Amino acid sequence: MNLPDGNRQAPKPQAVSPASLEIILIGVNHRTAPVELREKLGFTAEETESLLTTLRKLSFIQEVLLVSTCNRVEVLITTDQPKTAREMLSSYIAEWKSIPASKLESAVYVYSGNDAIRHVFRVTASLDSMMLGEPQILGQVKAAYRSAVETKTAGVILNRLLHKAFSIAKRVRKETGIGGHAVSISYAAIELAKKIFDSLADKSVLMVGAGEMAELAVEHLIRSHHSGNIFVANRTFSMAVELAGRFNGTPLRFEEIHEALPSVDIIVSSTGAPDYVIRRDHVKPIMRRRKNRPLFFIDIAVPRDIDPAINRIPNAYLYDIDDLQGVIDENIKIRHKESVAAERIIDEGVIRFRNWYENLDVVPTIVALREKLHAIAAAELNKTLHSLDLSEAEQEALKKMTEAMVKKMLHDPTMFLKNPGSHRNKSAYLDLTRNLFKLDDEIE
Amino acid sequence: MTAALIIIIFLYMLSSAAYLGFFMMQNKILQPIAYSVLMGGFLLHTGLMGYQYVQIGQMPVQNLHQTLSFAAWALAGVYLLLRYRFHLKILGAYTAPLTTLMMIVAFCVPQTTETPSTILNSIWLIIHVAIIFIGEAALALAGGTGGLYLLQEHAIKTKNTRFFFKRLPSLEFLDSAGYMFIITGFTLLTVGLITGFIYAEKVWGKIWSWDPKEIWSVITWLIYAALLHERLVAGWRGRRAAIMAIIGFAALIFTFFGVNFFLEGHHNEFTRW
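Protein sequences appear in the order of chains A and B. Under this note's numbering, the final residue of the first sequence carries the number 444; numbering is consecutive throughout. Under this note's numbering, the final residue of the second sequence carries the number 717; numbering is consecutive throughout.
Set out below in structure tokens:
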């Protein structure tokens, strides 16, 4: 957190009470803006920093953060003039990016208060992503937060909001199945392989042809602690040599595929061949030689490389691109089901954050502080009175003394919190006080 | 006695419900609950059988009621023991209901104890019965694992990744676990049969008397022997091995019950009411 000693780290001075600040988020995402608009709006890291610095200088903005990914551009601020902020912010960004304001206006959404908080939580937890549950967004929001911290445009409220968002995102990932089921062709293939083979570690892989998806599948496989052999066959042998080098495998000539079949376990095929490369008659006889160990074919090619009749051979399994897509569609449905539980976690987070935020005001903080000290004093006084045999008058005197002590001790901090001086950041002091005296225990 | 039996059945039922819930809803908390309840039922069951042993001074396998109860006990015990070795948590959804079913049947058949015959009082008989029953429990688990294998294989072949696919472990794992169950069960069955022959030799003076139960036991033994032989020689694994494990289990059930009702023999007096 920021140290409230009035140094440069603390955000802009605030005469206003922090709880009267409004959290506002404006932005566009893949649902509201077409890609042409989103690509014009994208901010590089340098642009982000310069925009943050510029926005921070505006009188109505206290804290600011910018998230820019290929699917969304969002500006998150705290402001004491919500009305002005709403009106000015989007036109300001349109101007900055030299886009007609009217064009941006139609795509922009604006959230404030609880809606803005919820939106930040949902985005970070990947509930608002194009591919529900995709893991990159958390890293992107973290990077956005880092630039805001580095340019010193994030203060107490955004610090807290973002940290909450990160912990909620982690909880959602851990407690729901939202990120648990494969939604890409290569991962779906690995997921299937894991249901056929007990362990992929010692399995041999044959890659026929080349292609992004096939290469990705093999790469994912290597990453899941694979140590078996990898063979790469290609019509162009030099290509096979190159790919084999990349995967630390053995290059094969295209004609050698059939000789390799008895010794491999997983075949990933992705050639441009117009006809089947591997037929049922190639596979049927080798199953006995394999002692019926399972054989898994992944056919990513269109037109298909592998004879569909192979799937009917016992212990041979074949998935083509449509089958894999079917698996993915099913998994997406599961992710959507799981998102219900995720929304509940988020609602809970919004309420908790709101509680903290509302308490981040002078009056509730002073009240809580006073209550805490009085409670301590009363408890200690009680103990002492029980152990001593005092007269009524003496007891009364002791009570008066403790109360006077508490009052005197509270006087200076109270005065300071009510008016820390115009050049200092009030919310940072309130947050410090709450932390120092552990006043947030009940709501945490 | 009846009260203890009812509590045992209740615990097994509870465990079955928890295992089925774990299987259907994939709720991770249910699994340890199901396991603990099954363990509780098993321990109580062990206590009951110990009590019966002390009471009649012999193994409580005198009538169908006791035989079934003993078989259910062996099944639960073998599963509880092997679960850690194979991490086959999902098999509980098969074992617990099967144990429960056997106990309910045991509860329903008459519990009249026959006057213990002295010929049953032999160490060979105790070994024979105990080993056979434990072996049969392992083979029952092999049959269940074979069933799970077929379900999972069907899901993968037909590209239906919705239900069983997500819930069941990999084919290779089911196959090797089933294989281990069969090796264990087959070994025990073999030892059990041999001790049976030794016992027969002592009591009747001949090791083989063409008793239907003897004949069917050997048929069952041959089925498993064929399965193991083919696996080692011709690589019968996967689907075929799973089907054979189920056929073997069916033969086992017939040997256990069918023979008692349809055929006559010297095993009858303590396996039929």
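For each residue, glycine too, the CB sits at the ideal point set by N, CA and C. Here the structure is a predicted model, which is why all the values come from computation and not from measurement.
- Less than 9 Å separates the beta-carbon of leucine 21 (chain A) from that of aspartate 80 (chain A).
- Neighbours of arginine 288 (chain A) in chain B, taken as residues at a C-beta separation under 8 Å, are given in chain order as Ala678 and Gly679.
- The alpha-carbon separation between phenylalanine 353 (chain A) and glycine 42 (chain A) amounts to approximately 29 Å.
- For phenylalanine 297 (chain A), DSSP records a beta bridge to A:Ile267 and A:Leu318.
- With a threshold of 9 Å between beta carbons, leucine 261 (chain A) makes no contact with chain B.
- Three or more beta-carbon pairs separated by less than 8 Å are not found between the segment 165-174 of chain A and the segment 311-330 of chain A, which leaves the two stretches without contact.
- The C-beta separation of arginine 611 (chain B) from isoleucine 534 (chain B) comes to about 7 Å, placing the pair in contact by the 8 Å criterion.
- Below the 7 Å Cβ cutoff, chain B contributes Ile600, Ser614, Leu615 and Glu616 as neighbours of isoleucine 196 (chain A), in chain order.
- Histidine 386 (chain A) counts as exposed, since fewer than 16 other C-beta atoms from the protein chains shown sit within 10 angstroms of its C-beta.
- Within the same chain, and ignoring the five residues on either side of alanine 107 (chain A) in sequence, the residues whose Cβ sits closer than 7 Å to its Cβ are Val28, Thr32, Ala33 and Leu37.
- Of the residues A:Ile321, A:Ile196 and A:Gly139, the one whose Cα lies closest to the Cα of phenylalanine 608 (chain B) is A:Ile196.
- Of all C-beta pairs linking the segment 670-680 of chain B to the segment 278-285 of chain A, fewer than three are shorter than 8 Å, placing the two stretches out of contact.
- The C-beta distance from leucine 261 (chain A) to phenylalanine 231 (chain A) rounds to 10 Å, too long to fall under 8 Å, and the pair is not in contact.
- Residues are counted here when their Cβ sits less than 7 Å from a Cβ of chain B; for the segment 331-353 of chain A the count is zero.
- Cβ contact annotation for methionine 405 (chain A) (same chain, cutoff 8 Å, sequence separation greater than five): Ala377, in chain order.
- DSSP places alanine 210 (chain A) in the coil class of the three-state scheme, outside both helix and strand.
- Against chain A, a Cβ distance below 9 Å from arginine 611 (chain B) picks out nothing, because the smallest value is about 10 Å.
- Between tyrosine 463 (chain B) and leucine 482 (chain B), the C-beta gap is smaller than 9 Å, which places the two residues in contact.
- Of all residues in the segment 455-468 of chain B, none comes within less than 8 Å of chain A when Cβ atoms are compared.
- The C-alpha of isoleucine 61 (chain A) is placed about 54 Å away from the C-alpha of asparagine 604 (chain B).
- Within the DSSP bridge table, the entry for proline 251 (chain A) names A:Val232 as partners.
- From the beta-carbon of arginine 606 (chain B), the residues of chain A found nearer than 8 Å are Glu330.
- Residues of chain B whose Cβ lies closer than 9 Å to the Cβ of lysine 291 (chain A) are, in chain order, Arg675, Ala678, Gly679, Trp680 and Arg681.
- Distance from the CA of valine 67 (chain A) to the CA of isoleucine 23 (chain A), rounded to the nearest whole angstrom, comes to 15 Å.
- According to the DSSP assignment, tyrosine 276 (chain A) belongs to no beta strand (DSSP E), since it is labelled neither H nor E.
- Between alanine 309 (chain A) and arginine 279 (chain A), the alpha-carbon positions lie close to 8 Å from each other.
- With fewer than 16 neighbouring CB atoms inside 10 Å of its own CB, proline 274 (chain A) falls in the exposed class.
- Close to chain B, meaning a Cβ-Cβ distance shorter than 9 Å, are the following residues of the segment 272-288 of chain A: Met287 and Arg288.
- Taking C-beta separations shorter than 6 Å and ignoring five residues to either side along the sequence, the partners of glycine 133 (chain A) in its chain run Ser126, Ile178, Gly179 and Arg335, following chain order.
- With a cut-off of 8 Å on Cβ pairs, the segment 89-105 of chain A is in contact with the segment 40-55 of chain A, counting three or more such pairs.
- Within the same chain, and ignoring the five residues on either side of isoleucine 185 (chain A) in sequence, the residues whose Cβ sits closer than 6 Å to its Cβ are Met213 and Leu324.
- When the five nearest sequence neighbours on each side are left out, the beta carbons in the same chain lying within less than 6 Å of the beta carbon of histidine 119 (chain A) are those of Leu25 and Tyr111, in order along the chain.
- Membership of valine 183 (chain A) in any alpha helix (DSSP H) is not indicated, and neither H nor E is assigned to it by DSSP.
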